[in-house]
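Engineer: Quick note, the sequence shown lines up with residues 303 to 472 if you use my numbering. Structure in structure tokens, see below.
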Amino acid sequence: MAMPGEQVREAYRAHSGELFGFACRSLGDRDGAEEAVQECFLKAWRSRDSFDPALGSERTWLFAILRNVLVDMARSDSRRPAGTPLEQSSDRIPSAEQPFERAMLAWQVEEALRRIGERHRQIVIETCIRGRPYAEVAAALGVPEGTIKSRVYYGLRAMRDAMEELGYES
């Protein structure tokens with residue numbers, strides 16, 4: 303199913319701020335982030351016929367496009383000032399990639415959490431992210447500790463599957 307041009311404009315109004323924030327955190331550069339978001343929507347416009355809402359939300363589709371744009375930007379030699387020896391420019395690459403990698407991982411975890419069921423999401427957040435003991439969470443929810451362990455196991459398994467769908471490579 304194609305994404306009509308007007309829908310791309312609506313998507314820009316709805317998601318450009320969030321995409322810009324992600325690009326800014328990834329690149330640490332407002333100008334580069336603006337360029338990345340513009341390129342993202344240009345690619346979305348050009349490939350609007352490939353958008354299929356049955357495969358994922360428009361937000362997920364746009365973030366996937368932006369991720370690819372950011373990866374392309376990180377790989378591009380055009381980000382290196384002309385005349386700068388490779389030895390000098392490569393010194394900057396790890397610091398530029400680390401924020402990008404952290405931001406990508408944070409986005410993937412957030413999106414994976416959105417994709418799993420509410421029961422599992424709640425337990426994974428409480429135990430794995432907030433670090434609460436199983437017994438404490440079980441008491442708070444009024445369920446056996448074994449139920450919490452089971453939900454953590456199945457929740458993490460569902461998250462792993464979701465993250466693989468999002469392109470996470472362990």
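For every residue, glycine included, the Cβ atom is placed at its ideal position computed from N, Cα and C. Treat the numbers as computed from the prediction; the structure is a model and nothing was measured.
#1: Look at the Cβ atom of residue 440, then the Cβ atom of residue 450, and state whether they are nearer than 8 Å.
#2: Can you have a look at residue 405 and say buried or exposed, based on whether 16 or more other CB atoms are within 10 angstroms of its CB?
#3: May I have a chain-ordered list of the alpha helix (DSSP H) segments no shorter than 4 residues that lie completely inside the stretch 311 to 349?
#4: Just the Cα atoms here: how many angstroms apart are residue 320 and residue 445?
#5: In the DSSP assignment, find the alpha helix (DSSP H) that holds residue 361 and state where it starts and stops.
#6: Within the continuous alpha helix (DSSP H) that includes residue 456, where are the two ends?
#7: Are residue 368 and residue 414 touching if we call contact CB-CB under 8 Å?
#8: Taking the alpha-carbon positions, what's the residue 447 to residue 312 distance?
#9: With respect to the alpha helix (DSSP H) encompassing residue 421, which residues constitute its N-terminal and C-terminal limits?
#10: In terms of residues, what are the limits of the alpha helix (DSSP H) holding residue 438?
#11: Let me check understanding here. Comparing Cα to Cα, which of 371, 316, 420, 338 lies closest to residue 456?
#12: Note down, in chain order, each residue of its chain lying with its Cβ closer than 6 Å to the Cβ of residue 454, except the 5 sequence neighbours on either side.
#13: Judging by CA-CA distance, which residue of 443, 442, 407, 432 is the nearest neighbour of residue 464?
#14: So the candidates are 363, 434, 315, 373; which of them puts its Cα closest to the Cα of residue 467?
#15: Between the Cα of residue 323 and the Cα atoms of 335, 314, 316, which residue gives the shortest distance?
#16: Using the Cβ count rule (16 or more neighbours within 10 Å means buried), how would you classify residue 338?
#17: What is the DSSP secondary structure of residue 432, reduced to helix, strand or coil?
Structural biologist: Let's see:
#1: yes
#2: buried
#3: 332 to 348
#4: 37 Å
#5: 360 to 377
#6: 447 to 467
#7: no
#8: 46 Å
#9: 420 to 426
#10: 436 to 443
#11: 420
#12: 425, 429
#13: 407
#14: 363
#15: 335
#16: buried
#17: coil
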